[in-house]
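Note that the protein sequences, when read in sequence, are chains F and G.
Residue 361 in the UniProt record's numbering sits at position 361 of the first sequence; the count goes up by one each step and never skips.
Residue 279 in the UniProt record's numbering sits at position 279 of the second sequence; the count goes up by one each step and never skips.
The structure appears below as structure tokens.
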Amino acid sequence: MPFGNSHNQLKMKFSSEQEYPDLSKHNNHMAKVLTPALYEKLRSKQTPSGFTLDDVIQTGVDNPGHPFIMTVGCVAGDEETYEVFKELLDPVIQDRHGGYKPTDKHKTDLNPSNLKGGDDLDANYVLSSRVRTGRSICGFCLPPHCSRGERRAVEKLSVEALGALTGDLKGKYYALKNMTEAEQQQLIDDHFLFDKPVSPLLLASGMARDWPDARGIWHNDNKTFLVWVNEEDHLRVISMQKGGNMKEVFNRFCTGLTKIEELFKNKGHAFMWNEHLGYILTCPSNLGTGLRAGVHVKLPNLSKYRQFEEILKRLRLQKRGTGGVDTAAVGGVFDISNADRLGFSEVELVQMVVDGVKLLIVMEKRLEKGQAIEDLMPAQK
Amino acid sequence: MPFGNTHNNFKLNYKTDEEYPDLTKHNNHMAKVLSKEMYGKLRDKQTPTGFTLDDVIQTGVDNPGHPFIMTVGCVAGDEESYEVFKDLFDPIISDRHNGYKATDKHKTDLNFENLKGGDDLDPNYVLSSRVRTGRSIKGYALPPHNSRGERRAVEKLSVEALNSLDGEFKGKYYPLKSMTDADQEQLIADHFLFDKPISPLLLAAGMARDWPDARGIWHNENKTFLVWVNEEDHLRVIAMQKGGNMKEVFKRFCVGLQRIEEIFKKHNHGFMWNEHLGFVLTCPSNLGTGLRGGVHVKLPKLSTHAKFEEILTRLRLQKRGTGGVDTASVGGVFDISNADRIGSSEVDQVQCVVDGVKLMVEMEKKLEKDESIDSMIPAQK
């Protein structure tokens, strides 16, 4: 398990060939990129906090993947990982994020007034709206690598920052390790509670160490703004409500995030961000905005339409079941969200969801009446 | 996940208080022993291969334990772990192994001729007999810590050693990663196949990394001698057969082990052993002989007798279900084996099993005839 400086040096006694993982049965982004030559080149390196190549790739080695689902297969242990191991991570990022180049610049736009419309999605179809993202706190290692001391420091800072929110955002923190039974039940009923990860993808990267130490859930009194502390990222920020008013959800999201960021900056710990990768998160799939904006929407007819997948693709959207990633749809209700994370701003991504879902509902209504929808087929965005 | 030199030094920026794990809800040997003071004392140390205190204890932090079952909660990453972290390991070893002191010497006796009897356990009651142990190969880190290069080197050496065996030991190696379906089915039918660990105790210690790379099963043609390569220890060696001839099983066990050891020694990689701890293995519970000698025996009446547990304790035996550790007995058939591992020799421990099982079968027969067994209750061995 421990691959820091000493053990990494020791491993150098073995040839690159002897240490290179067997990726012959693997299907993930890391396995596609990590040749023996690349392994050799990077194996002696480490980040300032001691994260090594083997640490980056362990989850991808342990989880060969699935013929149909392309997992990422690597994680960052700190901000510098993306720099020290750029020769591995740049091609992975490029492949995962639609050709995003090492020289590209990412645009951040958290100004909710730039969103057009989004307050009138038909509530007969759109059951709920949600926007989530992640944030990492500068100066601390990320969940695969952080020590208990670091994790607790992130928790302490976060609780202080969140505790300073007021008005609509005023709320309370529930530490996982000393939650009362009543609190736990309430959080489950509200669908807010997160538990120790069971996914082998996450476990293999070391994110569940020391569970449930320094993990917790914060939410506002209105239950429309929620923050997870020290789960897969330092912070996961979620804004949600019933119905189709994505504009209001996004408004609260941006306002809350901006306020929290100010509070962290005042304490000398900004969010990890740079102009190439946008917001730095544990998994390369969440770089850029780290944003997933989505709705639960009833599309029983459209989802059976033979071009459903193609329509989603053209709208730059993806579908999931209502249980989230890798779950099935129930009763024709789908989770529809933006497919992209990097190379588009937050406003742009939410705009795609708003415009796309509006169109999908128009299509659904047509199909309900037995009418054709070919004329509504969108062009590739 | 990686806690080598660099990250360990990085963590020293945080105070002991900040890094010390929360063990308030824990019930395992590590949690009983690791005070904050001890953590403060040992936290800056590492073994020559870079294994640190946090590496040793991670599994115990992640698995708080059970009110009734006392797990060990720590592992070794290499031979030197037991020395560098003796302040932690010694009290754990003492608590786990009946007061075995830091100054005690362990006796190794693999001379099967020293076993008295054992060839006449009643096969109407004793369905099968088995002896297992583990061995670690000097010069390589242990399963929680080893790299792919090290693990593969252990496999290569092991396969060479095992393939040079002849006579009743002549056999074949089946690497997990390239096993045919037919081979796999046969190994399952023979009850020889081991699979990727699912126990959180093992996973949290990092033993399943890179699975199934360099893991495999070797067995002789007669299917009475079996070796697991790179599972929880470098080697697990098992001799077994149907019926009650424990003498024959133990003989094959000793002869096979000694032949294998000779070959490893020729390559300058003998087994890890010292006169205080005996054979050095990953889990402190397996130090000494690492031996579990046992039978599957029908004791439907005795197992429901009021003094069954007491009898076992006095005979220095333990019971398990026929599925192994932490399983239930089925149809009155129990797995009865030696309780001790260190402080008595291999011959001593197998003698306990032979003598103890003989007595219990006699008790069972008496109870079948509704006769009392009070006069047969043994003294504490």
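No residue lacks a Cβ here, since even glycine has one placed at the ideal position from N, Cα and C.
Remember, it's a predicted structure, so these values are computed and weren't measured experimentally.
By alpha-carbon distance to D17 (chain G), the top candidate from G:Q258, G:N9, G:K36 and G:V84 is G:K36.
With fewer than 16 other beta carbons inside 10 angstroms of its own, T327 (chain F) counts as exposed.
Counting along the chain, Y174 (chain F) sits inside the beta strand (DSSP E) bounded by residues G171 to A175. Contact between K105 (chain F) and H276 (chain F) holds: CB atoms are separated by about 6 angstroms, below the 8 angstroms threshold. Per DSSP, Q351 (chain F) is one residue of the alpha helix (DSSP H) stretching across E346 to E368. For the pair G270 (chain G) and K365 (chain G), the Cα-to-Cα distance works out to about 46 angstroms. Taking a 10 Å sphere around the C-beta of N8 (chain G), we find 16 or more other C-beta atoms and assign the residue as buried. When DSSP states are grouped into helix, strand and coil, L235 (chain F) belongs to the strand group. If you ignore the 5 residues before and after V330 (chain G), its C-beta comes within less than 6 angstroms of the C-beta of T322, all in its own chain and listed in chain order. With respect to chain G, the C-beta atom of F14 (chain F) has a partner C-beta closer than 7 angstroms.
For S303 (chain G), the secondary structure class from DSSP, reduced to helix, strand or coil, is helix. For V61 (chain F), the secondary structure class from DSSP, reduced to helix, strand or coil, is helix.
If the five residues before and after V84 (chain F) are omitted, its C-beta is found closer than 7 angstroms to the C-beta atoms of K45 and T47, all from its own chain and listed in chain order.
Cβ contact annotation for G278 (chain G) (same chain, cutoff 7 angstroms, sequence separation greater than five): H106, T108, L287, G288, T289 and I342, in chain order. One thing to note: P21 (chain F) has its Cβ within 7 angstroms of the Cβ of V61 (chain F). Taking a C-beta distance under 7 angstroms as the contact criterion, G163 (chain F) and N220 (chain F) do not qualify as a contact pair. For Q318 (chain F), the enclosing beta strand (DSSP E) stretches over residues L317 to R320. Rounded to the nearest angstrom, the gap between the Cα atoms of K138 (chain G) and R236 (chain G) is 15 angstroms. Counting other Cβ atoms within 10 Å of its Cβ, K11 (chain G) reaches 16 or more and is therefore classed as buried. In terms of Cα proximity to T133 (chain G), the closest of G:V72, G:A208, G:F225 and G:D90 is G:F225. For L291 (chain G) and G332 (chain G), the gap between their C-alpha atoms comes out near 25 angstroms. The three-state reading of DSSP puts K172 (chain G) in strand, counting E and B together. Neighbours of P21 (chain G) in chain F, taken as residues whose beta carbon is under 8 angstroms from its own, are R148, D210 and D213 in chain order. For the stretch 142–168 of chain G, residues whose beta-carbon sits nearer than 8 angstroms to a beta-carbon of chain F comprise P144, H145, S147, R148, G149, E150, R152 and A153. For G65 (chain F), not one C-beta of chain G is nearer than 7 angstroms to its own C-beta.
For K13 (chain F), the three-state secondary structure derived from DSSP is coil. Using a Cβ-Cβ distance cut-off of 8 angstroms, the stretch 108–124 of chain F and the stretch 231–239 of chain F are not in contact, since fewer than three pairs of beta carbons, one from each stretch, lie closer than that value. When Cβ pairs closer than 8 angstroms are counted between the two stretches, the stretch 230–250 of chain G is seen to touch the stretch 151–159 of chain G, the count reaching three or more.
Separation of Q380 (chain G) and A339 (chain G) (C-alpha to C-alpha, rounded to the nearest whole angstrom) is 13 angstroms. Taking the CA atoms as reference points, L110 (chain G) sits about 14 angstroms from R135 (chain G). Taking CB atoms only, H66 (chain G) has no neighbour in chain F less than 7 angstroms away. Close partners of R152 (chain F) in chain G (Cβ separation under 9 angstroms): Y14, E18 and E19. Taking 3 residues as the minimum length, the beta strand (DSSP E) runs contained wholly in the stretch 305–360 of chain G are 317–320 and 333–338, in order along the chain.
A direct Cα-Cα distance of roughly 8 angstroms separates G356 (chain G) from L312 (chain G).
Not one beta carbon of chain G lies nearer than 7 angstroms to the beta carbon of Q184 (chain F). For I311 (chain F) and S303 (chain F), the gap between their C-alpha atoms comes out near 10 angstroms.
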